[in-house]
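J.:
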Amino acid sequence: MDPLAPLLKLADVESAVSGARAAVDGAYKHRALRRQGGAVAAEISLRCAVASAALEGHRYELSDVRGGTVLDAVLQGALRVAEALPGLHRQWHQAPRQVLAKLHLLAGTGVLPADTLGRPAPDSAARLDTLLEIVSAEAGNPLIRAAVVHGELLAAQPFPGVNGIVARAAARLTLVASGFDPRGLIAVEVAQLAREPEYIGAAGAFATGTPDGLRSWLRHYATAVEQGCAEVAVVGDAVLASVG
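Residue numbers (full-length UniProt numbering): 1 to 244.
What follows is the structure, encoded as structure tokens:
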């Protein structure tokens, strides 16, 4: 039984999810992915890491980050997380607690005391346990599951200091591991940064646990997925232009 199934029945959520699914399918047809898929994925990963750090208040120009001149610890943690994600998606459903600990270690090194890394806040234990059961069950719509993973981690705050980076990475892992976005090409974080006030407001609404609050967050997340698909075309076109 899928405990998240009722969420798909909230007003306008199913249509938003369907729109996001169609956008992902369309993005995966970009011709750059046939021979230059690795370059596209690498650039999108970089952009998502920079956006995730920006959502934590650590904003830098993409060109400066690409040039290696930004040494900010939070940004460097986001980059380490992004680099590690392709090697973690196979473990996500089998050992989500260990993966979250790894993400916290990668994101928090240089930001937090070493003895706190990989250890969720004690007062978040019950809520985190419930969330990890949902991750392990792999039931239901993957976009809804990713949205709940993201929203719950933001609400529960189990990883103070770099919690947002961990939450966004866990949601990305959910989309990749479920096969919804198997190559990690959808720039959800870039879209969320572009809609930052809505992102913050919808996350706060989700934390209330009310039907309207949940609906607000799910619609925001589906829209961010849909709009994040546009980055595939932007990056893909640039990659094709660079190789002639």
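Ideal Cβ placement from N, Cα and C applies to all residues, glycine included.
Starting from the C-beta of L105, find all residues in its chain whose C-beta is less than 8 Å away, skip the five residues before and the five after it, and write them out in chain order.
T.: L117, G118
J.: If you reduce the DSSP assignment to three classes, tell me which class T69 lands in.
T.: coil
J.: Which term fits L173, buried or exposed, when burial requires 16 or more other beta carbons within 10 angstroms of its beta carbon?
T.: buried
J.: With a cut-off of 8 Å, do at least 3 Cβ pairs link the segment 146 to 158 to the segment 105 to 115?
T.: no
J.: What distance in whole Å lies between the Cβ atoms of L218 and L7, which are believed to be in contact at a cut-off of 8 Å?
T.: 6 Å
J.: Could you compute how far the alpha carbon of K9 sits from the alpha carbon of E189?
T.: 25 Å
J.: Could you pull out every unbroken alpha helix (DSSP H) segment of at least 4 residues lying fully inside the segment 156 to 231, listed in chain order?
T.: 163 to 177, 188 to 194, 196 to 208, 211 to 228
J.: Indicate the three-state DSSP secondary structure (helix, strand or coil) for L112 in the structure shown.
T.: strand
J.: What does the alpha-carbon distance come out to for the pair V135 and T210?
T.: 22 Å
J.: Only counting the same chain, and skipping five residues up and downstream in sequence, which positions put a Cβ closer than 8 Å to that of G26?
T.: C229
J.: Does DSSP put R127 in a helix, in a strand, or in coil?
T.: helix
J.: Mind pulling the beta strand (DSSP E) runs of 3 or more residues that sit fully within the segment 72 to 99?
T.: none
J.: Assuming P160 and A207 make a contact with CB atoms under 8 Å, what is their CB distance in whole Å?
T.: So it is not a contact: roughly 16 Å between Cβ atoms.
J.: Among the residues of its own chain, which have a CB less than 7 Å from the CB of E231, if the five just before and after it don't count?
T.: Excluding the 5 residues flanking it on each side, E231 has same chain C-beta neighbours closer than 7 Å at I44, R47, A187, V190, in chain order.
J.: Kindly give me the distance between the Cβ atoms of E152 and R168, rounded to whole angstroms, as I take these residues to be in contact under 8 Å.
T.: Not really, about 13 Å apart at Cβ, beyond 8 Å.
J.: Could you compute how far the alpha carbon of G236 sits from the alpha carbon of A205?
T.: 35 Å
J.: Touch check for the segment 55 to 70 and the segment 88 to 97: three-plus C-beta pairs under 8 Å?
T.: no
J.: Whole angstroms are fine: how far does the CA of R21 sit from the CA of R34?
T.: 20 Å
J.: Does DSSP put H30 in a helix, a strand or coil?
T.: DSSP places H30 in coil when its eight states are reduced to three.
J.: Is it the case that the Cβ atoms of A5 and A222 are separated by a distance below 8 Å?
T.: no
J.: Beta-carbon within less than 8 Å of A238's beta-carbon, same chain only, minus the 5 sequence neighbours each way: which residues are those?
T.: E43
J.: Tell me whether L103 is buried or exposed, calling it buried when 16 or more other Cβ atoms sit within 10 Å of its Cβ.
T.: buried
J.: Taking the straight line between their C-alpha atoms, what separation do you get for Y1 and S178?
T.: One point to set straight first is that residue 1 is Met, not Tyr, in the sequence displayed. When rounded, the distance between both Cα atoms is 17 Å.
J.: Mind checking E196: buried by the 16 CB within 10 Å criterion, or exposed?
T.: Per the 10 Å Cβ criterion, exposed.
J.: Give the range of the alpha helix (DSSP H) segment to which G38 is assigned.
T.: 37 to 55
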